[in-house]
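Written as C-alpha cells, this is what we have:
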C-alpha cells in the first residue's frame, strides 16, 4: 500500500468515467499511487450547481455526445451511448460499497466497477436493472443474493450518502473527478495533467 | 493562404481563451492551417444553454479559478484573474471587426486581440473601458479615434451580432471553441487533440 493516493470520484452513469476507468489504474500502477474508487451520485452535485445530465444541455449535449464517441475512438475503447441514458445508479453504487466492505476485497469491488461501466457503455446493459446487476456480480464470482440484499441495507445506503455528501463538500461537481494527494482534477481528459503533476511534484 | 482553417471562437472575457490564444497560432503555423479569430459574445450561448459565467457557478467556479491559475503556471504564461470579472466585451469585439474589415489587415486584428486578452488577464487592465481600448489600439499603431468610433457603427454591430448568432447556430456553447475544417473542439485543453486530429486526418 502506497501512501500516495488518487481518489477517483465518479457516477456509474458517466460516460467519461467509463473512459477514465480504462486509464487511471495504469497511471496509479506506473507511478505507485493507490487508486481509490469512490462511486457517488452526481445528482447531489447538480443540486448545488444547477447542473443537469450533460447530454440534455442544449448545444453542449450534442457536442458532448460527439466528443465522447470521438474520444473513445481515439482511445480505441468500445463505446455506445446506452439507452436508457442516464439511469439511477444508487443500486450499483451500494453494491460496490458492499463488495468493498464485506469479506470481498477492494480489488473485487474495482473489478465489479469496471465491468459495470463496461456493461453499460459498451454492451448496452442497463445497470439500473437488478437482474443485470445480479449477472454482473455473478461474473465477479460473488454471491448475487447477498449483493442484491445490500441494495436495501442501511449500512450501504448510509455509506453511499456519506461519500456523496463528502464529495460535494470537497467541490466535486462533475464525473470523473480526481484528487491526487488532495489536488483536484476534473475530467477524463486531464489524466495527462495528473501524470505531469505527479512526475513534476506540482507546479 | 492555406485552404485549411482553424476557426477560433472566443469571448474576450474568457480566461481559457487567453490561454488558448498563446498556442493556437503556433499550431496553425506548424501544420499550415490558417487561424481565423472570431470574437463573439458568449452571453448569447448562455441564453440557449442556461449557462452562466464559469466562475460564478457553485463548486465549478472555485475549481475553475484554481484550474486556470494552475494551467497558466504549467504553460508559464502570466495570469491574474482580473477585477472586475467578467465584463461586457461588446466594444472590444466590435473594434476587432473594424480592424479586420478596414484597410488594416487581419494580422493587425489578431495582434490587437492578443494584446487585449493579455491586457485583461495579465495586466488587470479593464478592456471594457474605452480609455483602455484607446491605448491598446494606439499600441497597435492604429488611429484610436476611428477605432472608438467603430464601437457605435452599425456595420460592426451587425457583424458581431451575425458572427455570434452564427456561432450559436453552429453549437458554440463555451470559450474557446474551435472548428478544424468544420470539426468542433471545445476548450483550451484540447489543442493537443486538434493537433492529433490534423496529423492523423481524424479518426
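Residue numbers (this note's numbering), protein chains in the order written: chain Y, 41 to 243; chain F, 41 to 243.
In this text, a Cβ means the ideal position worked out from N, Cα and C, and glycines have one as well.
Give me the Cα-Cα distance between residue 238/F and residue 191/Y, rounded to the nearest whole angstrom.
48 Å
What residues in the segment 87–98 of chain Y bring their beta carbon closer than 7 Å to a beta carbon of chain F?
88, 89, 97 and 98
Quick check: is the beta carbon of residue 172/Y nearer than 9 Å to any beta carbon in chain F?
no
Are residue 60/F and residue 216/F touching if we call contact CB-CB under 9 Å?
yes
Please identify the residue among 195/F, 77/F, 54/F and 55/F whose C-alpha is closest to the C-alpha of residue 64/F.
77/F
Strictly by DSSP, which residues pair up with residue 226/F?
217/F
Opening and closing residue of the beta strand (DSSP E) in which residue 120/Y lies:
Element bounds for residue 120/Y: n/a, residue is neither H nor E.
Write down the C-beta distance between residue 44/F and residue 221/F rounded to the nearest angstrom, noting that I regard them as a contact closer than 8 Å.
6 Å
If we call anything under 9 Å between Cβ atoms a contact, is residue 80/F one with residue 49/F?
yes
Whole-Å CB distance - residue 182/F paired with residue 148/F, under 8 Å assumed
7 Å
Quick check: the Cα distance between residue 224/F and residue 97/F, rounded to an integer number of angstroms?
24 Å
When DSSP builds the beta bridges, which residues end up paired with residue 49/Y?
78/Y and 217/Y
Mind checking residue 115/F: buried by the 16 CB within 10 Å criterion, or exposed?
exposed
Using only the alpha-carbon positions, how far apart do residue 226/Y and residue 137/Y sit?
23 Å
At the level of alpha carbons, what is the spacing between residue 218/Y and residue 189/F?
49 Å
Report the CB separation of residue 125/Y from residue 95/Y in whole angstroms; it is logged as a contact under 8 Å.
7 Å
Supposed close pair residue 168/Y, residue 128/Y - CB separation, criterion 8 Å
5 Å
I'd like the list of long-range same chain contacts for residue 242/Y, defined as Cβ closer than 8 Å, with 5 residues on each side in sequence excluded.
223
Comparing C-alpha positions only, which one of 228/Y, 162/Y and 153/Y sits nearest to residue 131/Y?
153/Y
Proximity below 9 Å, CB of residue 75/F to CB of residue 150/F
yes
In whole angstroms, give me the CA-to-CA distance for residue 70/F and residue 107/Y.
25 Å
Grouping DSSP H, G and I as helix and E and B as strand, with all else coil, what is residue 2/F?
Only positions 41 to 243 of chain F appear in this structure, which leaves residue 2/F out of reach.
Are the C-beta atoms of residue 214/Y and some chain F residue less than 9 Å apart?
yes
Using Cβ-Cβ distances below 7 Å, what residues of the segment 113–133 of chain F are close to chain Y?
113 and 114
At least one CB of chain Y closer than 9 Å to the CB of residue 107/F: is that the case?
yes
On the premise that residue 85/Y lies in contact with residue 269/Y, defined as a C-beta separation below 8 Å, what is that separation, rounded to the nearest angstrom?
Within the shown structure, residues of chain Y are numbered from 41 to 243, placing residue 269/Y beyond reach of any answer.
May I have the straight-line CA-CA distance separating residue 118/Y from residue 231/Y, to the nearest angstrom?
19 Å
Using a 10 Å radius around the Cβ and a threshold of 16 neighbouring Cβ atoms, would you call residue 204/Y buried or exposed?
buried
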